[in-house]
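K.L.:
Questions regarding the structure given below will be posed in turn.
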Amino acid sequence: MSQKGNNPQCADVPAPSVLSDNREERIAARRLRIVARNEAKKRQEQGEGSSKEVEEREEAKSQEQVDRSKLRIQRLQTDGTELVSNIQVAADARESLKRDELEEARRLRLEKLEAEAKSSLEKFEEISKRWTGARLREIPQELRDALNSQTQLCATLIEDKNKLINELQQELKVSDDRYVRDLKRQADEVDLMVERMEDQVKTLLISYREEIKEIEGSFNQEHKALMEGNLQKWEKLRKDRGDKEAESLSQRIGRVEEFEALLQKLRVEDAEEYNMIKTKLETDVQVLQQQLQQMKATYQLNQEKLEYNYQVLKKRDEENTITKSQQKRKITRLQDVLNNLKIKLSNQEKQSREENQSQTEEYRRIMHQYKHMQKKKRRFAVMDAQKFEEVWRMNEEEVKALVGRALEIDRLIYQQQLGLEWTPPPLPFMQRSGPIRAQRQARSSALQAAKSMLGRDGEEEEEGDDGKVDEEESPTTTAAAEGKSSEAGVGAGSDAITTGSGVEKPRKVSQKTVKRLLELLCDEAGFLIENKLLKLLSPLEKNEQCLMKLDSIFSAMGIDNEEDVYQLAEFFVKFKQQQQQQQQQQEEEEEGGASGVSDLADSIEGEDLIHPNDILMALKAFTAQHHRIRDSQAAQRGSESLVSCDVCEDVQYWESMAQVISPTKLTVWTSLEKALDKYYTVLTDRSKLLVDTQKLRQQNSELKMLLHQYVNSKVNAELEIPPAQVIQIARNDVINNQSMSRTMKR
Amino acid sequence: MAETVGAILMDPPVIRRNLNAADPRKMRRIIAEDPEWSLAVVPLLTNLCLEHIVINFEVQPMLHDLLPSHKAYVLEKLPPSLPLEVTANLISDEGYWKKCCVERWGLGDVTAYGNSWKRMFFERHLEKIIELFIPDVTDPKTVLDMVPLCKNYVKKLNISQLLPPIKAPQKADDNDSSDTGSDSGFDGPSMDHFDFGILLDKLIYLEELHLVYGVKGCGMNFEWNLFEFTFRDCESLAKALKQCKTLRVLRILQSKVDNEKCRLLVSYLLDHPSLQDLDLSHNLISDRGARAVGKLLNRSRLRSLNVYDNQIRGAGAEALAYALAKNTSLLTLNLRLNRLGDEGGQAIAQALTKNQTLVNLHLGANQLTEPTAIALSQALVQNNTLKSINLSCNRLGVDGGKVLEEGMSHNDTVVDCDVRLTSIEQESEVCISQILRTNQSKTRRKHTQEPIK
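These protein sequence lines map, in sequence, to chains L and H. Heads up: the first sequence begins at 1 in full-length UniProt numbering, then just goes up one per residue. Heads up: the second sequence begins at 1 in full-length UniProt numbering, then just goes up one per residue.
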């Protein structure tokens, strides 16, 4: 019933939604869904068993019925609405027709009116024209005729108008009638419509009822069929079950009896077994009781024993605790000791490390000292050599003076004393001066070479500066030269080669290149120069700066002499060549090595000899090489015994000096000396005697004077004994004395 | 004995209870020896109080403080004659308002008012007031007083008549010239109807407005100027409509809306935020008015447009068709009983090829003939949204019918096509109805399948 009610709804309302707000709509949607599901299920089940097909068909029947009724109802509705709306449509059509007609009529009427207006206007004009004509008439008859005709015309005009008005009024009446008719008809139509609507409602109601009945009937049928089928099935199933139940019951009864018999049997057997076991167990109990007694006795014993043991163990335990505590204490003590030892160890380690460090420091220091000492030694060697030379020179001079004096003395002796002709002995050593080694030609120092290079340049550029530079530089250069020379003197053995090659060796590099190279060095190797020096140099001129810098660079690199400078230059050139060759080789390898070796010399001469960036590498290589050579030379020098060779020569030299006065001459000299000594004593004696006589003469004169005084004084007279007497006596004495001394002298 | 019992019974129970305060009978609920004894005879104090509340409700309205059961009781008892000032915003119970409605108008169809009796009551009440409003005579306060009471409940106003002002002595003099009264501006101002400007902006929930500028049931007192929609009326109405932002449906029927008034209305309705349904049927709109309506079509959210029984001709239809071709919101268009002619019909048909939203189209009684049928059949081939089309009362002719049949055979969305009284052949009609039936069954199948998905 409800389904039927919903069906039209589902046709009208598009897709009732389950989520709708309207309750009815929701219900409808759910129902639709259920129907759809059922259908789907049906369709699914169609392929299954044939037994279901009957229901299927029935279901389909009801559905079919529903569809059919739906269709019918819809048709009824559409027909009904058509029937109802037919009236409206007809009215519309009529209305539109009427409007057309009215429009047409209006158009005609308008035309008519216009035509009428036009014609009446014409007439009116004619009348008004005639008025002017009438005014001209003077004869009353004519005027009357004219007036009459005018009135006639007016009358016709008015008649026309009236006719028109009548017509219009007729039309109005007609349309009024029509309006009334229309109204009536419309009322009729409305009535008809209402009637039809009512009919429609009625028929719809009836048909709805019928349809509901039919659908219900079909559903009922379906339901009945379903019920019957299900009941049959149910009955059958129930019967089956009853049969099964009865069967199982009988089976069960049989089984129960069987089990009862079995039970009885088992019960009897068990009773027997039970009795047997009971007796057995009673005996067992007795035995066990006996055992229990025994066990109790042993237990008592054991208890006592154990108690004793327990006591003993307790004691032991106590002892153990004591010892344990002791041990613990000991452990803590030992731990302390261990800690102390650890601390000590760490301290020791620290100390030893420090010591080690200090030792290494010491070692370093000593090494440094040692190096310093070596340096000192070298210095001292130099100094010693210098001193030695100085002493040598001094002694030589002295000796030479002595020799000169000796020879002079010899000459004097010969000429004056002996009156002999004196010939000077041959004296070759007198021309020599300085120590023997010093006579070796000092090589020109590196700095000088550099200076010469730069100086040449300076000459080329500005000649005036040259002298000044020389003057200013002289102390340093000389000092350097001295140092160099002294050092060179040490290595006398090896100079045979170097001296030879030093100057005469044809130089492979031109001076120009060397100069450029030096300048480059000056620029690039600035790091070798000390900062202080740089500061000091800053006020000087460029050339001088260059020189000073070069000096320090050379000293840092260990380049001493000109030769080294040239070597350096050569090395650089070679280095460059090597590099270029390497490059070329690389290039050749890359290209396939077709191009020939280019003229390297030209490139060197023409272009810069070495790239500033490569200078450092070149320098490094050079110093390595150079030092190797120098070290080997130094080793050579060290190995040679310098002194032994020298000493004999020196002795010879000195001896030759000592033996300027030959032994024969010496004998002559000694004898001469003896004679002269004797002569000298005689002479001295004589001179002494001369002095004595002089003195005596003086005394004598003095005494004479005194005597004279005394003799001549007045006092003498007064005296008892005149002195004259005494003098006589004294005179005698004196004469005696004199005579005595004379004798003595003789 | 019987007398005594009767005497006792005759006493009011309350008094008796007071008298026999110590009487053991008082304690008993059932008194077997007294066959007429019943506890119900004694009204409860609460009931008495409630009665009192009901009686004095007008003076002391008291409802929300009561218990729910008591409230129901009071509402049950309240008389529908209570003044609205008291009840309007206090009582929301539907039962009470149903009572009021039934008392005033008899049984009504509440479903038309959203199943709300209260809404029904207020809407009908307000409608009555407006319909009986006579300008210059009735005090506008009578309307405005109602506003605070009913503004929360009124959603729809179906005003079936608007009275013109009563003309004073003048009327008698002008009696014979009443049919030309509309021409003379002499009594123009006095012909204005109720001014909606004072009302519409206060009704904040108003959604529908149906207006008829005319007098209902004038009978033999008919005068032309009873049915006059003056320009000033139109202007004030348009301004009021512009203020009313919630309005969804506007119907102005049988009101002699001519081109000028239509244009004025449309100019105020342009870009209205909520207007969906516009009905200007039974008016005097012709081409210029139609052009204005066409402009409105694409400057609003109109879903339905009814302009049937007007005087739109070819040019107006072309304007409408131009708007329709670009429109994407309109679902229903009713042009019944106009004068489109083939010119307008073809334009509309061509617009249908471009439009993708229109569902219902009514072109009945429009003097359409064969060329329109050809154009329509072409449109039907291309359009696949249109579901219902009405071409009745047009002289399509035999050939037009065949062409239409041809067009319909290529369409599978149209489920309703009315070709009655179009003088086409029976055969074509049958064919068309056949096609319609297949389309219907197709759509029905679609509908039944959709919910499953």
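A virtual CB, placed ideally from N, CA and C, is assigned to each residue, including glycine. It should be emphasised that the depicted structure is a prediction, and the values quoted were computed from it without experimental measurement.
Show which residues of chain L have a CB atom less than 8 angstroms away from the CB atom of residue 364 (chain H).
P.N.:
Taking the first residue of the second sequence as position 1, residue 364 (chain H) is located at position 364. Residues of chain L passing the Cβ test: 89, 92.
K.L.:
Specify the secondary structure class of residue 389 (chain H) as computed by DSSP and reduced to three states.
P.N.:
Along the second sequence, read from residue 1 onward, the residue named residue 389 (chain H) stands at position 389. Of the three classes helix, strand and coil, the one that applies to residue 389 (chain H) here is strand, per DSSP.
K.L.:
Quick check on residue 256 (chain H): does DSSP put it in helix, strand or coil?
P.N.:
Here residue 256 (chain H) corresponds to residue number 256 of the second sequence, with the count starting at 1. Coil at residue 256 (chain H), not helix or strand.
K.L.:
Nearest CA to the CA of residue 201 (chain H): which residue from H:148, H:222, H:165?
P.N.:
As a first step, residue 201 (chain H) must be located in the second sequence, where it is residue number 201. Residue H:148 is the option with its Cα nearest to residue 201 (chain H).
K.L.:
Does the Cβ of residue 269 (chain L) have 16 or more other Cβ atoms within 10 Å, making it buried, or fewer, making it exposed?
P.N.:
One-based indexing of the first sequence puts residue 269 (chain L) at position 269. Per the 10 Å Cβ criterion, exposed.
K.L.:
Mind listing the chain L neighbours of residue 392 (chain H)? Cutoff is C-beta to C-beta under 8 angstroms, in chain order.
P.N.:
To locate residue 392 (chain H), count along the second sequence from 1; it is residue 392. Ordered by position in chain L, the residues that pass the 8 angstroms Cβ test against residue 392 (chain H) are 89, 92, 93.
K.L.:
Less than 8 angstroms between CB atoms is the rule here; does residue 173 (chain L) satisfy it with respect to chain H?
P.N.:
Mapped onto the first sequence, residue 173 (chain L) falls at position 173. Not one chain H Cβ lies under 8 angstroms of residue 173 (chain L).
K.L.:
Residue 367 (chain H) touches chain L at which residues, Cβ-Cβ below 8 angstroms?
P.N.:
Looking up residue 367 (chain H) in the second sequence gives position 367. By Cβ distance, chain L contributes 96, 100.
K.L.:
So if DSSP puts residue 156 (chain H) in a beta bridge, which residue, or which two residues, is it bridged to?
P.N.:
In the second sequence, the residue the question calls residue 156 (chain H) occupies position 156. Per DSSP, H:208.
K.L.:
Since residue 209 (chain H) and residue 249 (chain H) are thought to touch, with beta carbons under 8 angstroms apart, how far apart are those beta carbons, to the nearest angstrom?
P.N.:
Counted from its first residue, the second sequence places residue 209 (chain H) at position 209. Counted from its first residue, the second sequence places residue 249 (chain H) at position 249. Yes, residue 209 (chain H) and residue 249 (chain H) are in contact; Cβ-Cβ is about 7 angstroms, under 8 angstroms.
K.L.:
Any beta carbon from chain L within less than 8 angstroms of residue 372 (chain H)'s own beta carbon?
P.N.:
If you number the second sequence from 1, residue 372 (chain H) lands on position 372. Closer than 8 angstroms: no.
K.L.:
Which of the three DSSP states, helix, strand or coil, is assigned to residue 449 (chain H)?
P.N.:
Start at 1 with the first residue of the second sequence, and residue 449 (chain H) comes out as number 449. Residue 449 (chain H) falls in the helix class under three-state DSSP.
K.L.:
By Cβ distance below 6 angstroms, which residues in the same chain neighbour residue 356 (chain H) in space, the five residues on each side in sequence not counted?
P.N.:
Locating residue 356 (chain H) in the second sequence gives position 356, where the first residue counts as 1. If we look at residue 356 (chain H) and ignore the five residues flanking it on each side, its Cβ neighbours are 385.
K.L.:
Between the alpha carbons of residue 300 (chain H) and residue 193 (chain L), how many angstroms are there, rounded?
P.N.:
Working through the second sequence from its first residue, we reach residue 300 (chain H) at position 300. Working through the first sequence from its first residue, we reach residue 193 (chain L) at position 193. Using only the alpha carbons, I get a separation of about 37 angstroms.
K.L.:
Bridge partners of residue 304 (chain H), per DSSP?
P.N.:
Against the second sequence, residue 304 (chain H) aligns to sequence position 304. DSSP output for residue 304 (chain H) lists H:277, H:332 as bridge partner(s).
K.L.:
Out of H:309, H:351, H:328, H:306, which has the shortest C-alpha to C-alpha gap to residue 322 (chain H)?
P.N.:
As a working note, residue 322 (chain H) is residue 322 in the second sequence. Answer by Cα proximity: H:351.
K.L.:
Could you tell me which residues DSSP puts in a beta bridge with residue 417 (chain H)?
P.N.:
Taking the second sequence and counting its residues from 1, the one referred to as residue 417 (chain H) is at position 417. Partner(s): H:389.
K.L.:
DSSP beta-bridge partners for residue 249 (chain H)?
P.N.:
For the purposes of this step, residue 249 (chain H) is taken as residue 249 along the second sequence, with counting starting at 1. Note: residue 249 (chain H) sits in a beta bridge opposite H:208, H:277.
K.L.:
Please tell me whether residue 86 (chain L) has its Cβ less than 8 angstroms away from any Cβ of chain H.
P.N.:
Position 86 of the first sequence, counted from the first residue, corresponds to residue 86 (chain L). Interface residue, yes.
K.L.:
Using the Cβ count rule (16 or more neighbours within 10 Å means buried), how would you classify residue 162 (chain L)?
P.N.:
Translated into the one-based positions of the first sequence, residue 162 (chain L) becomes position 162. Looking at its Cβ environment, which holds fewer than 16 other Cβ atoms inside 10 Å, residue 162 (chain L) is exposed.
K.L.:
Closer than 9 angstroms between beta carbons: that is the criterion. Which residues of the stretch 329 to 358 of chain H meet it against chain L?
P.N.:
Residues passing the 9 angstroms Cβ filter: 336, 337, 339.
K.L.:
Determine which residues share a DSSP beta bridge with residue 360 (chain H) and list them.
P.N.:
Counting from 1 along the second sequence, the entry for residue 360 (chain H) is found at position 360. According to DSSP, residue 360 (chain H) bridges with H:332, H:388.
K.L.:
What do you get for residue 154 (chain H), buried or exposed, if any count of 16 or more other CB atoms within 10 angstroms of its CB means buried?
P.N.:
Numbered from 1 along the second sequence, position 154 holds the residue referred to as residue 154 (chain H). The residue in question, residue 154 (chain H), is buried, as its Cβ has 16 or more Cβ neighbours within 10 Å.
K.L.:
For a contact defined as C-beta to C-beta under 9 angstroms, what are the partners of residue 386 (chain H) on chain L?
P.N.:
Your numbering for residue 386 (chain H) matches position 386 in the second sequence. Chain L residues near residue 386 (chain H): none, gap ~16 angstroms exceeds 9 angstroms.
K.L.:
With H, G and I counted as helix, E and B as strand and the rest as coil, what does DSSP make of residue 689 (chain L)?
P.N.:
Translated into positions along the first sequence, residue 689 (chain L) becomes position 689. If DSSP states are grouped into helix, strand and coil, residue 689 (chain L) belongs with the helices.
K.L.:
Compare the beta carbon distance of residue 368 (chain H) and residue 397 (chain H) with 8 angstroms and say whether it is the shorter of the two.
P.N.:
In the second sequence, residue 368 (chain H) corresponds to position 368, counting from 1. In the second sequence, residue 397 (chain H) corresponds to position 397, counting from 1. No, the Cβ-Cβ distance between residue 368 (chain H) and residue 397 (chain H) is not below 8 angstroms.
K.L.:
Using 8 angstroms as the cut-off, can you tell me whether the stretch 117 to 127 of chain L makes contact with the stretch 147 to 166 of chain L, which would need three or more C-beta pairs spanning the two stretches below that distance?
P.N.:
Yes: at least three Cβ pairs fall under 8 angstroms.
K.L.:
Strictly below 8 angstroms CB to CB, what residues from chain H border residue 121 (chain L)?
P.N.:
Within the first sequence, numbered from 1, the residue matching residue 121 (chain L) stands at position 121. Simply none; closest approach about 24 angstroms.
K.L.:
Return helix, strand or coil for residue 516 (chain L), following the three-state DSSP convention.
P.N.:
In the first sequence, residue 516 (chain L) corresponds to position 516, counting from 1. The answer is helix: DSSP assigns residue 516 (chain L) an H, G or I state.
K.L.:
Counting contacts by CB-CB distance shorter than 8 angstroms, is residue 32 (chain L) in contact with chain H?
P.N.:
On the first sequence, residue 32 (chain L) is found 32 positions in, with the first residue counted as 1. Output row for residue 32 (chain L): interface = yes.
K.L.:
Which residues in the same chain as residue 514 (chain L) place their Cβ atom closer than 8 angstroms to its Cβ, once the five residues preceding and following it in sequence are excluded?
P.N.:
In the first sequence, counting from the first residue as 1, residue 514 (chain L) sits at position 514. Here the set comprises 453, 565, 566, 569.
K.L.:
Mind checking the stretch 406 to 428 of chain H against chain L and listing, in chain order, the residues whose C-beta falls within less than 7 angstroms of any C-beta there?
P.N.:
For the stretch 406 to 428 of chain H, which is checked against every Cβ of chain L, the residues closer than 7 angstroms are 420, 421.
K.L.:
Can you tell me whether residue 596 (chain L) is buried or exposed? The criterion is at least 16 other CB atoms within 10 Å of its CB, across all chains shown.
P.N.:
Your numbering for residue 596 (chain L) matches position 596 in the first sequence. Note that residue 596 (chain L) has pLDDT 41, beneath the 50 cutoff, so the model's placement of it is unreliable and no number is given.
K.L.:
Counting Cβ pairs closer than 8 angstroms, one from the stretch 195 to 206 of chain L and one from the stretch 75 to 92 of chain L, do we hit at least three?
P.N.:
The stretch 195 to 206 of chain L vs the stretch 75 to 92 of chain L: in contact.
K.L.:
Between the stretch 63 to 70 of chain L and the stretch 296 to 313 of chain H, can you find at least three pairs of beta-carbon atoms closer than 8 angstroms?
P.N.:
In short, these stretches do not touch, since the Cβ pair count stays below three.
K.L.:
Considering only C-alpha positions, which residue in the set H:392, H:382, H:403 is nearest to residue 412 (chain H)?
P.N.:
The sequence position of residue 412 (chain H) within the second sequence is 412, counting from 1. Looking at the Cα atoms, H:382 is the closest of the given residues.
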